[in-house]
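**Q**
Number of protein chains: 6
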Amino acid sequence: MVDSAVIRARARWPRVIFAVSTVPAAMNGQPGGLAVRRKEAEDAAAALGAEMRFFDVGDYPLREAPEVVDRLVHVYREVAPTVVLTHTLADPYNGDHPAAARMALQARVLAQAIGYGAPGEPLGAPPVFFFEPHQPEQCDFRPDVLLDITPVFARKRKAMECLPAQEHMWEYYTDLAKRRGVQLRRNVGPNLGLPHNTMGEAYVRLYPQVTGVLS
Amino acid sequence: MVDSAVIRARARWPRVIFAVSTVPAAMNGQPGGLAVRRKEAEDAAAALGAEMRFFDVGDYPLREAPEVVDRLVHVYREVAPTVVLTHTLADPYNGDHPAAARMALQARVLAQAIGYGAPGEPLGAPPVFFFEPHQPEQCDFRPDVLLDITPVFARKRKAMECLPAQEHMWEYYTDLAKRRGVQLRRNVGPNLGLPHNTMGEAYVRLYPQVTGVLS
Amino acid sequence: MVDSAVIRARARWPRVIFAVSTVPAAMNGQPGGLAVRRKEAEDAAAALGAEMRFFDVGDYPLREAPEVVDRLVHVYREVAPTVVLTHTLADPYNGDHPAAARMALQARVLAQAIGYGAPGEPLGAPPVFFFEPHQPEQCDFRPDVLLDITPVFARKRKAMECLPAQEHMWEYYTDLAKRRGVQLRRNVGPNLGLPHNTMGEAYVRLYPQVTGVLS
Amino acid sequence: MVDSAVIRARARWPRVIFAVSTVPAAMNGQPGGLAVRRKEAEDAAAALGAEMRFFDVGDYPLREAPEVVDRLVHVYREVAPTVVLTHTLADPYNGDHPAAARMALQARVLAQAIGYGAPGEPLGAPPVFFFEPHQPEQCDFRPDVLLDITPVFARKRKAMECLPAQEHMWEYYTDLAKRRGVQLRRNVGPNLGLPHNTMGEAYVRLYPQVTGVLS
Amino acid sequence: MVDSAVIRARARWPRVIFAVSTVPAAMNGQPGGLAVRRKEAEDAAAALGAEMRFFDVGDYPLREAPEVVDRLVHVYREVAPTVVLTHTLADPYNGDHPAAARMALQARVLAQAIGYGAPGEPLGAPPVFFFEPHQPEQCDFRPDVLLDITPVFARKRKAMECLPAQEHMWEYYTDLAKRRGVQLRRNVGPNLGLPHNTMGEAYVRLYPQVTGVLS
Amino acid sequence: MVDSAVIRARARWPRVIFAVSTVPAAMNGQPGGLAVRRKEAEDAAAALGAEMRFFDVGDYPLREAPEVVDRLVHVYREVAPTVVLTHTLADPYNGDHPAAARMALQARVLAQAIGYGAPGEPLGAPPVFFFEPHQPEQCDFRPDVLLDITPVFARKRKAMECLPAQEHMWEYYTDLAKRRGVQLRRNVGPNLGLPHNTMGEAYVRLYPQVTGVLS
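Protein chains in written order, with our numbering: chain P, 38 to 252; chain E, 38 to 252; chain C, 38 to 252; chain V, 38 to 252; chain W, 38 to 252; chain A, 38 to 252.
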């Protein structure tokens, strides 16, 4: 299986294209069909206008290793993402998710270090967002950001449809986007006039938001 | 003592003037000098371009009562604030702070109800921010917003200086703004180029942030 | 509005009919139409084979008062429920929910006291379950029970349809039941062979489960 | 020392014999006497009607390694346990306990994966229970299950008595069972009529309970 | 029933006699026998060398009222306790315990206020300790202090024996003291050489410890 | 950079000199200048009357390895510290800090084991304190100890001044000591009469405090 984290991340947030490339990619845990899955992932990325990087770090379970982290540091330095999306740090249903997240976070911090031996400028401090797992409450996922994806939802849907083997997930994520959209409208200030069919995504921040305006 | 919540709230976020009026006001817990304190509070508010409302609900401890909540609902409906700032819901050093916060929050929800008997339009859902208490860790204050107040700090300082009896607090809050400013700069994305003397304030959100852009 | 807690509780768990009567009832927060709402609630209850008790304790916000608690104690003693369903103790969107829950819980403990002046036997210790709020993560709702409601879902749907003014909620709760059903199937042991269309409800326990068998 | 997790697990829950074999086994941290300890463990298991597996993965501290996890996956696939008992994930007094638990949990998830290379059917989703550590509050052990072990306590006691070197623990665990039994009786519903000498064990669930009946 | 908080508090910590008088006292929830219970409580207090204050605020449930808090403020000012012991703020089994604790804490803060109208000097900031409830984990009781009561345990036992109606509790608290004593010995530094029969009590602090030496 | 943990630890608590040697030392993450940094660290230690151990375990990120833990066990056995100071276990800004802390804690537990192959007596149970990170709230740092360092602050300042490259930190830590000193004075009992310029440090305990006196 191609790592769905990458695909979903792109699907969810197509306006910051390069950020997603910094999430650890392509852990193939199933025998056979890898080439097909890779192609699907690339199609989905293309639908979003994003680019795909495959790490091919091997079998399920995902091996957490310094070399993988180092390769991620190189991607961070090359791409200089403005945001990072990754899995939650807790997930009792899939140990690969926290492992991928730990490496994504460790590489981000190393990429910031002046002395780290990788080409490119030291990274700034791009904000980190955890995206929603299947069983959010079991993963300590308490959303502190509700993102309005109404204007880009059609593109996200198109990207999802590049993955025919996961057709049952298309409706699941469409329903989820509706539910988060309903919540978004209940949490919004008075002047936005959001439409009934608002579509949303929920995120958890790792670091405090930095802003010049409270809203 | 005039309720410092109001003053500090205005001082901290002068660009949304009317919001602060929705925070419960003017609990005088000390005999004598009330007129002087009231005048100081009005001067501080004026320095911020804000307006002051005194509720005069009586002595320390703050009495948590339906009538006070109802008066707050009226203010919400009249002012239609775009943000609400209030105390933390936990504070083992001062029970008046959580009591004020509970009333501010209850009134905000009631002001949203179509059926509530108070003039004006039903309130939208203005975001709520808890501001920083003196002993943040003991009040479960884990900042999720760092606000850059560099451009308005001089005005905040001027407002604080309207309270001569609290002179020792002037330096305290200036130091705090520096410390939060240092943290702000460490959490900021790569392109902002913040100056060395960045001044900051820390906040905790009650509700998830609603946004169209992750940043 | 008739208190939806009661209706939903019955709808969710029709096999223990009397238990729901111990949940605080009938808080009417809207002017007019009370008789209609009452009738709808009774119809919904009838669809479940349950009985309805109206407390008529007055307007929104719900008044938390010793007399209401005392009336609840009488109901507990009369009904001797084997389970109690109520709202979550935290809900930043609706203060009436925690208020109702606090009274339901206080009355339950008082009904257990031998010395309490109400007819009937002292209550045992019926387990307490919090049912799912609209924004579960903001209400500290981390499910520890997933209830299979597949065999009774049709009846729940019928009960919901007795509330025509809340038609938009019919689909919402049907979708939610599907989503919780999917999670239920992922958490189930090996031998149950649950069908694809499993419908579920999520709950949080207040007290530890007591059992003679681990499963 | 033979890993007490296995022994205690069997001792605690003798009615699901094979489940315990899935807990990581036999970490010998003390020089000498291993053969004696092994014999004692087998006697204790026999007293419970359970079977013992020794992994002999070496010295204290327990080495957390992919090969050990893989061997555990094989046991899961072979035994197909209906429940899993293991240590808490936090234990500041003994790092081997969380290490054993992490491997037990990782292996359980891998054993569920269709593509994992081990004989036998993919595992279902047996519920996981953490058993009680010596200093429960320091290990974030907040019981959500109280198991009535009155009918099998005599057998548990007999199993404990197979470990003469730990004689001081016999009384300790008997007292603990009494204390948990008292709590069990206070949390039980009205109709069970539990006797005064109820013996209990406390557990924490990792995953939500799946059930068709609320009780 | 005489409020056991007071009695136990004295029994547990006889060396700071007056502190216990600041805990809310004497809530009689049972008809008849009050005089007997009062006498027993006074005997137990005398066994500890402590003095008893009865508030007689009426029936179960404990009424949380400003007048009771005010009376407590007067006691604080009169006694000037150096420590305060009270119930946990969470207790799903007995709502009177948190109610008593809330009043004890509110009165303590008010007694510190210079402007509060009660005779005596403003109170300092005596540390607050929550003592152990019957079901500690359900009351969020995570001990951060283990008190060695070996030298005074005999006196505590004698005080408990002044309450013949609670004879079953004598062994319970003796066993508990042993269990906490075992934990105490496991957490102690290298040089104390504690005996095998160490008796202990567990507490949770509300405020940070203030000290001149780390130990 | 020489690991600042060691330096700060010594600087903060000079009266227990040998304890700091048990914290993992000397992780050099920057090219060049190591000799200079080493010299500065030794000067700072000397200013405190403490001794420095360098582990030279290599580059940033800190490698978490059994050999490093084993070397730490040897230091524990040799020094027999009465307290241990280390980093917080959570730090989203610097992964080396939790890694160092995990090794310090694992080694401490192993040093207690009778069977562990290292010279010297088995360690007792020295209390563990986490010292304050730069962004305490993001590191789950909720102080439960406030240490009065007024009498030794001058020496701490002198030690800091041995690190000229970190001059901006001198004021930072001096300001922090003032702020913690203010909090210390607000949490102190009535009879201590602390001066206005009290300097403090905040700590979090890992294990419960063991004491013979509540204060």
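Ideal placement from N, C-alpha and C gives every residue a C-beta, glycine not left out.
Any chance the region 238-252 of chain V sits against the region 176-183 of chain V, with 3 or more Cβ pairs inside 8 Å?
**A** yes
**Q** By how many angstroms is the C-alpha of residue 107 of chain W removed from the C-alpha of residue 153 of chain W?
**A** 10 Å
**Q** Distance cutoff 8 Å, beta carbons only. Does residue 24 of chain A sit that close to anything in chain W?
**A** The structure shown does not extend to residue 24 of chain A, since chain A is modelled only from 38 to 252, so the question has no answer here.
**Q** State the CB to CB distance for the pair residue 257 of chain C and residue 105 of chain C, rounded to an integer number of angstroms; the pair is presumed to be in contact (CB under 8 Å).
**A** Nothing about residue 257 of chain C can be read from this structure; chain C reaches only from 38 to 252.
**Q** Distance check for residue 163 of chain P and residue 117 of chain P, CA to CA, integer angstroms please.
**A** Cα-Cα distance, rounded: 9 Å.
**Q** For residue 103 of chain V and chain A, any beta-carbon pair shorter than 8 Å?
**A** no
**Q** Return the chain-ordered list of same chain residues with a C-beta closer than 6 Å to the C-beta of residue 251 of chain E, the five sequence neighbours on each side being excluded.
**A** none
**Q** Here's a check: name, in chain order, each residue in its chain whose Cβ is nearer than 7 Å to the Cβ of residue 222 of chain E, leaving out the five neighbours to either side.
**A** Only residues of its own chain outside the window of five on either side were considered, and among them 231, 235 have a CB closer than 7 Å to the CB of residue 222 of chain E, listed in chain order.
**Q** Under 7 Å between beta-carbons, which chain B residues line up against residue 224 of chain V? List them in chain order, please.
**A** Structure shown: chain B not included; protein chains present are P, E, C, V, W and A.
**Q** Please identify, using Cβ separations under 8 Å, the residues of the region 129-143 of chain W that lie next to chain E, in order along the chain.
**A** 142, 143
**Q** Checking contacts by CB at 8 Å: is residue 156 of chain C closer than that to chain E?
**A** So no, residue 156 of chain C is outside the interface.
**Q** Can you grab the Cα-Cα spacing for the pair residue 148 of chain P / residue 157 of chain P, in whole Å?
**A** Residue 148 of chain P and residue 157 of chain P have their C-alpha atoms some 9 Å from each other.
**Q** Do we get a CB-CB distance below 8 Å when we pair residue 98 of chain V with the residues of chain A?
**A** Interface residue, yes.
**Q** With DSSP as the reference, please indicate the residues paired to residue 73 of chain W in a beta bridge.
**A** Residue 73 of chain W pairs with nothing; no bridge assigned.
**Q** Go to residue 105 of chain W, then tell me how far its beta strand (DSSP E) extends in each direction, as first and last residue.
**A** Taken as a continuous stretch (DSSP letters only), residue 105 of chain W belongs to no beta strand (DSSP E), being part of the alpha helix (DSSP H) at 103-116.
**Q** Once you ignore the five residues that flank residue 199 of chain P on each side, which residues in its own chain have a CB closer than 7 Å to its CB?
**A** 77, 80, 81, 84
**Q** In whole angstroms, give me the CA-to-CA distance for residue 210 of chain V and residue 130 of chain V.
**A** Whole-angstrom Cα-Cα distance: 19 Å.
**Q** Determine which residues share a DSSP beta bridge with residue 242 of chain P and list them.
**A** P:166
**Q** Report back the beta-carbon spacing between residue 176 of chain V and residue 144 of chain V to the nearest angstrom; my notes put them in contact at under 8 Å.
**A** Contact doesn't hold; Cβ gap of about 21 Å is too wide.
**Q** Between residue 244 of chain E and chain C, is the shortest Cβ-Cβ distance under 8 Å, so that the two count as touching?
**A** yes
**Q** With distances taken between CB atoms, is the gap from residue 119 of chain A to residue 167 of chain A smaller than 8 Å?
**A** no
**Q** Which same chain residues end up closer than 6 Å to residue 69 of chain E when comparing Cβ atoms and leaving out the 5 residues on each side of it in sequence?
**A** Confidence at residue 69 of chain E is low in this model, with a pLDDT of 47, below 50, so its placement is unreliable and the value that follows should be read with caution. Excluding sequence neighbours, residue 69 of chain E sits near nothing in its chain.
**Q** Note down, in chain order, each residue of its chain lying with its Cβ closer than 7 Å to the Cβ of residue 217 of chain V, except the 5 sequence neighbours on either side.
**A** 183, 237, 238, 239
**Q** Against chain P, which members of the region 145-169 of chain E pass a CB distance test of less than 8 Å?
**A** Going along the region 145-169 of chain E in chain order, one finds 160, 161, 162, 163, 164, 166 with a Cβ nearer than 8 Å to chain P.
**Q** Using CA atoms only, rank isn't needed, just tell me which of P:146, P:169, P:197 is closest to residue 113 of chain P.
**A** P:146
**Q** Looking only at its chain, what residues have a beta carbon closer than 7 Å to the beta carbon of residue 110 of chain E, apart from the 5 residues adjacent to it on each side?
**A** For residue 110 of chain E, where only same-chain residues beyond five positions count, the Cβ hits under 7 Å are 144, 147, 148, 153, 155.
**Q** At least one CB of chain P closer than 8 Å to the CB of residue 119 of chain E: is that the case?
**A** yes
**Q** Could you confirm whether any beta carbon from chain E is found closer than 8 Å to the beta carbon of residue 185 of chain P?
**A** yes
**Q** Can a CB atom of chain C be found closer than 8 Å to the CB of residue 232 of chain P?
**A** no
**Q** Thinking C-alpha only, which one of A:87, A:187, A:103 is nearest residue 94 of chain A?
**A** Nearest to residue 94 of chain A by C-alpha distance, out of A:87, A:187, A:103, is A:103.
**Q** Quick one: grab the DSSP three-state call for residue 132 of chain P.
**A** coil
**Q** What is the DSSP secondary structure of residue 123 of chain C, counted as helix, strand or coil?
**A** strand
**Q** Along chain W, which residues have their Cβ under 8 Å away from the Cβ of residue 178 of chain V?
**A** 174
**Q** How would you label residue 214 of chain P, buried or exposed, when you count the other beta carbons within 10 angstroms and need 16 or more for buried?
**A** buried
**Q** Can you find a C-beta in chain A that's less than 8 Å from the C-beta of residue 73 of chain W?
**A** no
**Q** Are the CB atoms of residue 178 of chain W and residue 174 of chain V within a distance shorter than 8 Å?
**A** yes
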